[in-house]
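Student: The sequence shown maps to residues 224 to 588 in this note's numbering. Positions of the beta carbon are idealized from the N, C-alpha and C atoms, including for glycine. Supplied in structure tokens, the structure appears directly below.
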Amino acid sequence: MFNRKLIGICFLLCLAHLSAAQAPFQESGVSCPPVNGLEFICGIQKPEDLRHISDTRWLIASGFADGSGLKLLDTRSRSWRRWYAGTPEQIRADSIRYGSCPGAPSAESFNAHGLSLRTAAAGRYQLFVVNHGGRESIEVFDIDARGGEPSLTWTGCVLLPYGLAGNAIAATPDGTLLTTVLARPGHTYADFVNRKPTGGVYQWRPGSSGFRLLPGTELPGNNGIETSPDGREFYVIAFGLHSVFVYSLRDTSRPLRQIEAPGFMPDNLHWDNGRLLLAGMVYDEPACGGVRKVVNGQADSMRCPRGYVVASLDPGSLMFSIVAYATPNPAFNGVSSAVVIGNELWLGSYQADRIAYRRLPGSDN
Numbered sequence: 224m225f226n227r228k229l230i231g232i233c234f235l236l237c238l239a240h241l242s243a244a245q246a247p248f249q250e251s252g253v254s255c256p257p258v259n260g261l262e263f264i265c266g267i268q269k270p271e272d273l274r275h276i277s278d279t280r281w282l283i284a285s286g287f288a289d290g291s292g293l294k295l296l297d298t299r300s301r302s303w304r305r306w307y308a309g310t311p312e313q314i315r316a317d318s319i320r321y322g323s324c325p326g327a328p329s330a331e332s333f334n335a336h337g338l339s340l341r342t343a344a345a346g347r348y349q350l351f352v353v354n355h356g357g358r359e360s361i362e363v364f365d366i367d368a369r370g371g372e373p374s375l376t377w378t379g380c381v382l383l384p385y386g387l388a389g390n391a392i393a394a395t396p397d398g399t400l401l402t403t404v405l406a407r408p409g410h411t412y413a414d415f416v417n418r419k420p421t422g423g424v425y426q427w428r429p430g431s432s433g434f435r436l437l438p439g440t441e442l443p444g445n446n447g448i449e450t451s452p453d454g455r456e457f458y459v460i461a462f463g464l465h466s467v468f469v470y471s472l473r474d475t476s477r478p479l480r481q482i483e484a485p486g487f488m489p490d491n492l493h494w495d496n497g498r499l500l501l502a503g504m505v506y507d508e509p510a511c512g513g514v515r516k517v518v519n520g521q522a523d524s525m526r527c528p529r530g531y532v533v534a535s536l537d538p539g540s541l542m543f544s545i546v547a548y549a550t551p552n553p554a555f556n557g558v559s560s561a562v563v564i565g566n567e568l569w570l571g572s573y574q575a576d577r578i579a580y581r582r583l584p585g586s587d588n
């Protein structure tokens with residue numbers, strides 16, 4: 224005879240396990256009406272960086288707060304769910320490549336900052352994530368997007384040197400990782416606002432013991448970073464100079480080129496159809512008293528809403544083209560990343576509790 228009570232308990236346990244493994248997509252329960260030309264998907268805490276899984280409707284968002292972690296968005300249904308839950312089926316450690324990694328991150332403390340997404344094979348990707356939750360590290364995930372909904376599997380991590388906090392991350396075709404540090408110990412945000420070198424670019428190669436500083440990359444506020452398709456060069460933003468610096472990976476003793484952004488402070492940059500797409504807040508914002516200032520030794524936190532600019536950078540001509548811009552929006556400040564999907568522009572923010580999207584200027588209705 225079957226024990227109905229035991230069967231019921233087993234059913235509830237199985238249901239809880241499935242729910243933890245793959246939470247359902249959901250609409251935000253928070254009212255999120257459009258404001259000043261932007262529409263929103265709410266409930267996503269500090270989506271500092273965004274990456275699009277190419278040729279799909281799926282968008283990855285970081286969460287720059289403890290426990291915010293990674294989110295997967297369906298850009299068609301305007302729904303999202305927490306993606307990394309830390310369940311056993313999402314963990315498959317690569318002890319050969321990442322042997323010094325102490326284990327998978329806790330989903331409860333996972334604090335995801337910059338993102339880098341590289342194609343591994345048809346429908347397969349590697350995702351690299353700057354993590355501040357519980358440890359300063361680069362977390363590595365495999366993504367399988369060959370089915371209907373992409374799956375995510377954690378495979379390892381690389382710890383940053385003691386005292387350093389990563390900001391952005393980029394990977395070369397051979398697996399070399401480059402991460403930026405905004406301010407090294409002994410330096411402050413006020414220093415880079417005052418145009419003093421504060422940060423650096425750190426490199427990890429497969430098989431090496433850890434990250435090391437690339438000499439010559441110490442800039443005022445090293446922020447977003449991206450590599451050239453062949454992995455020979457990289458592009459890094461100096462936030463304090465609102466400029467992009469281009470380096471050869473073979474010799475970083477001095478930059479190859481410097482390009483100042485037109486009227487805004489670029490934060491992240493990523494490839495988009497053969498161009499580099501950058502997003503950030505307006506540099507000289509009248510509504511906020513002009514440029515970012517240092518008052519009593521402290522850099523302005525930029526909580527006053529600033530306008531934003533999204534621009535593309537042609538790596539050949541080194542010319543900027545404005546993709547979109549807008550005046551200050553009280554519902555969405557701190558624009559830090561942008562992704563173009565079809566005729567829509569998606570925006571991330573290091574301050575907001577939502578992701579924004581709008582019609583791409585010049586696109587057909």
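Does Leu383 come out as helix, strand or coil in the three-state DSSP assignment?
Tutor: Counting from one through the sequence shown, the residue named residue 383 turns up at place 160. Looking at Leu383 - three-state DSSP - the assignment turns out to be coil, as it is neither helix nor strand.
Student: Going by DSSP in three states, Gly512 sits in which element: helix, strand or coil?
Tutor: Translated into the one-based positions of the sequence shown, residue 512 becomes position 289. In the structure shown, Gly512 sits in coil (DSSP, three-state: anything other than H, G, I, E or B).
Student: Among Ile276, Thr475, Thr550, which has the Cα closest to the Cα of Leu436?
Tutor: Here the question's residue 436 lines up with position 213 in the sequence shown. Closest by alpha carbon: Thr475.
Student: Taking all protein chains shown into account, decide if Ala344 is buried (16 or more other Cβ within 10 angstroms of its Cβ) or exposed.
Tutor: As a working note, residue 344 is residue 121 in the sequence shown. Per the 10 Å Cβ criterion, exposed.
Student: Output yes or no for whether 9 Å exceeds the beta carbon distance between Val352 and Ser285.
Tutor: Locating residue 352 in the sequence shown gives position 129, where the first residue counts as 1. Locating residue 285 in the sequence shown gives position 62, where the first residue counts as 1. Contact: yes.
Student: Does DSSP put Gln349 in a helix, in a strand, or in coil?
Tutor: Here residue 349 refers to the residue found at position 126 of the sequence shown. Strand at Gln349.
Student: Buried or exposed for Met542, please, with buried defined as at least 16 other CB atoms from any protein chain shown within 10 angstroms of its CB.
Tutor: The residue you call residue 542 lines up with position 319 of the sequence shown. Burial call: exposed.
Student: Can you list the beta strand (DSSP E) stretches of 3 or more residues lying completely in the stretch 272-357, in chain order?
Tutor: Those beta strand (DSSP E) runs which fall completely within the stretch 272-357 and span 3+ residues are 273-275, 281-284, 294-297, 302-305, 335-344, 347-354.
Student: Provide the residue(s) that pair with Ser540 in DSSP beta bridges, ordered along the chain.
Tutor: Walking along the sequence shown from the start, residue 540 turns up at place 317. Ser540 pairs with nothing; no bridge assigned.
Student: Starting from the Cα of Pro184, find the closest Cα among Leu400, Gly389, Gly398 and give me that residue.
Tutor: Outside the modelled stretch of the chain, which goes from 224 to 588, sits residue 184, for which no answer is possible.
Student: Which of the three DSSP states is assigned to Ala406 in this structure?
Tutor: Residue 406 sits at position 183 when you count from the first residue of the sequence shown. Note: Ala406 maps to coil in three-state DSSP.
Student: Going by the CB atoms, is the gap between Ala547 and Pro489 shorter than 9 Å?
Tutor: Your numbering for residue 489 matches position 266 in the sequence shown. Your numbering for residue 547 matches position 324 in the sequence shown. No, they are not a contact pair.
Student: Using the rule of at least 16 other Cβ atoms within 10 Å of the residue's Cβ for burial, across every protein chain shown, is Thr378 buried or exposed?
Tutor: Position 155 of the sequence shown, counted from the start, is the residue given in the question as residue 378. Looking at its Cβ environment, which holds 16 or more other Cβ atoms inside 10 Å, Thr378 is buried.
Student: Note down the Cα distance separating Arg315 from Arg280, rounded to an integer number of angstroms.
Tutor: As a position in the sequence shown, residue 315 is number 92, starting the count at 1. As a position in the sequence shown, residue 280 is number 57, starting the count at 1. Approximately 26 Å, taken between the alpha carbons.
Student: Which residue marks the beginning of the alpha helix (DSSP H) containing Tyr412, and which one marks its end?
Tutor: Counted from its first residue, the sequence shown places residue 412 at position 189. 412-416 is the span of the alpha helix (DSSP H), which, as asked, contains Tyr412.
Student: Does the stretch 291-304 come into contact with the stretch 261-278, if we say contact requires no fewer than three beta-carbon pairs (one atom in each stretch) closer than 8 Å?
Tutor: These segments touch.
Student: Gly309 to Asp507, Cα distance in whole Å?
Tutor: As a first step, residue 309 is located in the sequence shown; it is residue number 86 there, counting from the start. As a first step, residue 507 is located in the sequence shown; it is residue number 284 there, counting from the start. Those two C-alpha atoms are separated by around 42 Å.
Student: Identify the continuous beta strand (DSSP E) that holds Val505 and give its terminal residues.
Tutor: Locating residue 505 in the sequence shown gives position 282, where the first residue counts as 1. That run of the beta strand (DSSP E) goes 498-505.
Student: With contact counted as at least three CB pairs below 8 Å, one residue from each stretch, are the stretch 334-350 and the stretch 379-387 in contact?
Tutor: Touching, no.
Student: Would you mind stating whether Thr550 and Ala575 have Cβ atoms separated by less than 9 Å?
Tutor: Numbered from its first residue, the sequence shown carries residue 550 at position 327. Numbered from its first residue, the sequence shown carries residue 575 at position 352. Result no, Cβ atoms of Thr550 and Ala575 do not sit closer than 9 Å.
Student: With distances taken from CA atoms, which of Gly571, Ser586, Tyr580 is nearest Lys269?
Tutor: Here residue 269 corresponds to residue number 46 of the sequence shown, with the count starting at 1. It is Gly571.
Student: Would you report the Cα separation of Asn566 and Arg418, rounded to the nearest angstrom?
Tutor: In the sequence shown, counting from the first residue as 1, residue 566 sits at position 343. In the sequence shown, counting from the first residue as 1, residue 418 sits at position 195. So the alpha carbons of these two residues sit roughly 37 Å apart.
Student: What's the gap between the Cα of Tyr589 and the Cα of Phe287?
Tutor: The chain is shown only over 224 to 588; residue 589 falls outside these bounds and no answer can be derived.
Student: So, are the CB atoms of Gly356 and Pro328 less than 9 Å apart?
Tutor: In the sequence shown, the residue the question calls residue 356 occupies position 133. In the sequence shown, the residue the question calls residue 328 occupies position 105. For Gly356 and Pro328, yes; Cβs fall inside 9 Å.
Student: If we call anything under 9 Å between Cβ atoms a contact, is Arg477 one with Arg455?
Tutor: The count along the sequence shown starts at 1 and reaches residue 477 at position 254. The count along the sequence shown starts at 1 and reaches residue 455 at position 232. Taking 9 Å as the Cβ cut-off, Arg477 and Arg455 do not qualify as a contacting pair.
Student: Counting along the chain, where does the beta strand (DSSP E) carrying Val469 start and finish?
Tutor: Counting from one through the sequence shown, the residue named residue 469 turns up at place 246. Run containing Val469: 466-471, per the beta strand (DSSP E) assignment.
Student: For a test of the three-state rule: what should DSSP assign to Asn491, helix, strand or coil?
Tutor: As a working mapping, residue 491 is identified with position 268 in the sequence shown. The answer is strand: DSSP assigns Asn491 an E or B state.
Student: Which of helix, strand or coil does DSSP assign to Phe555?
Tutor: By one-based count along the sequence shown, residue 555 stands at place 332. In this structure, Phe555 counts as coil in the three-state DSSP scheme.
Student: Using the Cα positions of Leu479 and Ser374, report the straight-line distance between them to the nearest angstrom.
Tutor: For the purposes of this step, residue 479 is taken as the residue at position 256 of the sequence shown. For the purposes of this step, residue 374 is taken as the residue at position 151 of the sequence shown. Cα to Cα, Leu479 sits roughly 39 Å from Ser374.
Student: Quick one: residues in its chain with C-beta nearer than 7 Å to the C-beta of Val514, no 5 flanking neighbours on either side, listed in chain order?
Tutor: Locating residue 514 in the sequence shown gives position 291, where the first residue counts as 1. Here the set comprises Tyr506, Asp507.
Student: Have a look at Val533, Asn519, Pro485 and flag the residue whose alpha-carbon is nearest the alpha-carbon of Leu198.
Tutor: Not covered by the structure: residue 198. The range shown for the chain is 224 to 588.
Student: From the DSSP output, in three-state form, read off Gly439 for me.
Tutor: Within the sequence shown, numbered from 1, the residue matching residue 439 stands at position 216. The answer is coil: DSSP assigns Gly439 none of H, G, I, E or B.
Student: Reducing DSSP to helix, strand and coil, say where Phe462 ends up.
Tutor: If you number the sequence shown from 1, residue 462 lands on position 239. Reduced to three states, the DSSP call for Phe462 is helix.
Student: DSSP three-state label for Asn519, please.
Tutor: The residue labelled residue 519 in the question sits at position 296 within the sequence shown. Looking at Asn519 - three-state DSSP - the assignment turns out to be coil, as it is neither helix nor strand.
Student: Can you tell me whether Gly423 is buried or exposed? The criterion is at least 16 other CB atoms within 10 Å of its CB, across all chains shown.
Tutor: Start at 1 with the first residue of the sequence shown, and residue 423 comes out as number 200. Per the 10 Å Cβ criterion, buried.
Student: Which stretch, first to last residue, makes up the beta strand (DSSP E) that contains Asp367?
Tutor: One-based indexing of the sequence shown puts residue 367 at position 144. Unbroken beta strand (DSSP E) run through Asp367: 360-367.
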